[in-house]
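Going by the numbering used here, the sequence shown opens with residue 4, and the numbers climb by one from there. Structure record follows, encoded as structure tokens.
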Amino acid sequence: MSETIRVDIWSDIACPWCYIGKHRFEAGVAAFTAEHPGVEIEVESHSFELAPDTPLDFQGSEIDFLVKHKGMPVAQVEQMLGQMTEMAAAEGITFDFSRVKHANTRRAHRVLHLAKAEGVQPAMQERLFRAYFAEGADMSDPETLAALGQEIGLDPAAVRTALDDEALGAQVDGDITRAQMLGISGVPFFLLDQKYGVSGAQPADAFANVLAQVLELGRAGEKNEAAPADA
4 MSETIRVDIW
14 SDIACPWCYI
24 GKHRFEAGVA
34 AFTAEHPGVE
44 IEVESHSFEL
54 APDTPLDFQG
64 SEIDFLVKHK
74 GMPVAQVEQM
84 LGQMTEMAAA
94 EGITFDFSRV
104 KHANTRRAHR
114 VLHLAKAEGV
124 QPAMQERLFR
134 AYFAEGADMS
144 DPETLAALGQ
154 EIGLDPAAVR
164 TALDDEALGA
174 QVDGDITRAQ
184 MLGISGVPFF
194 LLDQKYGVSG
204 AQPADAFANV
214 LAQVLELGRA
224 GEKNEAAPAD
234 A
């Protein structure tokens, strides 16, 4: 009988740690499944907005946003983004903050829920991350999102419709509400088997180890349930 570990992941497209964490998690899953070939990892992604107060028509770079709206010194921002770029490169990811256009990501999250319904959410998420951090794509622009959706097989007209779809917006809100109920205040956040939380972009081996621990805890629980009660 096959075994399954469910992993729910909260993230935001405009979160660099989420992009790095996604790749580290996937590397950890690959290492884990190589050691446990009979175990399936079932992943579902959920929405989280780090800067929901960003205007839809915001015009500026990530540096502009952090300096002007978060009050951080320019030198501190440049040092921080430089470190992020180096960490991303180590994971095979390109960050080009000179091109990044800070944006409200709510429309992108609606597209991700549309992609989930169509069975292509992982591909859509990866494409949005790359478009945002490496290509300078505007995550609030309808035509940009429609074109990105078309690249991974979505109907561009359906993407445009999704941007103002109240039902999809309710799904985004539902994800965020659930995160709040779980006490999640930052992303990425990983919830394994509805019980065990892992916060942040942990190294790949840490993810592999925690998956192994969850597997053993699950097996131990099943043994206890199957054991006969004492007379």
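Virtual Cβ for every residue (Gly too), placed ideally from N, Cα, C.
{"Asked": "State the Cα-Cα distance for the pair Leu157 and His112, rounded to the nearest angstrom.", "Found": "15 Å"}
{"Asked": "Measure how close the beta-carbons of Pro191 and Ser14 come, nearest whole angstrom, since I'm counting them as under 8 Å.", "Found": "5 Å"}
{"Asked": "My output table needs one value for Asp11: the three-state DSSP class, helix, strand or coil.", "Found": "strand"}
{"Asked": "Kindly list the residues whose CB is nearer than 8 Å to the CB of Gly95, restricted to its own chain and excluding five residues on each side of it in sequence; keep chain order.", "Found": "His26"}
{"Asked": "Check this for me: beta carbons of Ser50 and Val175, under 8 Å apart or not?", "Found": "yes"}
{"Asked": "Locate the beta strand (DSSP E) running through Ile179, then write down its first and last residues.", "Found": "No beta strand (DSSP E) holds Ile179; the alpha helix (DSSP H) holding it covers Glu169 to Met184."}
{"Asked": "Since Val217 and Leu185 are thought to touch, with beta carbons under 8 Å apart, how far apart are those beta carbons, to the nearest angstrom?", "Found": "That belief does not hold up - the Cβ atoms of Val217 and Leu185 are roughly 17 Å apart, past 8 Å."}
{"Asked": "Nearest to Ala165 by CA position, among Gly139, Val114 and Ala78, is which residue?", "Found": "Val114"}
{"Asked": "By how many angstroms is the C-alpha of Gln62 removed from the C-alpha of His105?", "Found": "8 Å"}
{"Asked": "For Leu59, which option in Tyr135, Leu117 and Thr108 has the closest C-alpha, if you only look at C-alpha atoms?", "Found": "Thr108"}
{"Asked": "Helix, strand or coil for Gly85, going by three-state DSSP, please let me know.", "Found": "helix"}
{"Asked": "Please go through the same chain and pick out, in chain order, the residues whose beta-carbon is closer than 6 Å to the beta-carbon of Gly24, but skip the five residues on each side of it.", "Found": "Pro191 and Ala204"}
{"Asked": "Which of the three DSSP states is assigned to His49 in this structure?", "Found": "strand"}
{"Asked": "Mapping the DSSP letters down to three states, classify Ile66 as helix, strand or coil.", "Found": "helix"}
{"Asked": "Measuring only the C-alpha atoms, how far is Met142 from Gln86?", "Found": "23 Å"}
{"Asked": "Grab me the residues of Ala137's own chain with a C-beta within less than 6 Å of its C-beta, minus the 5 sequence neighbours each way, in chain order.", "Found": "Thr97 and Asp99"}
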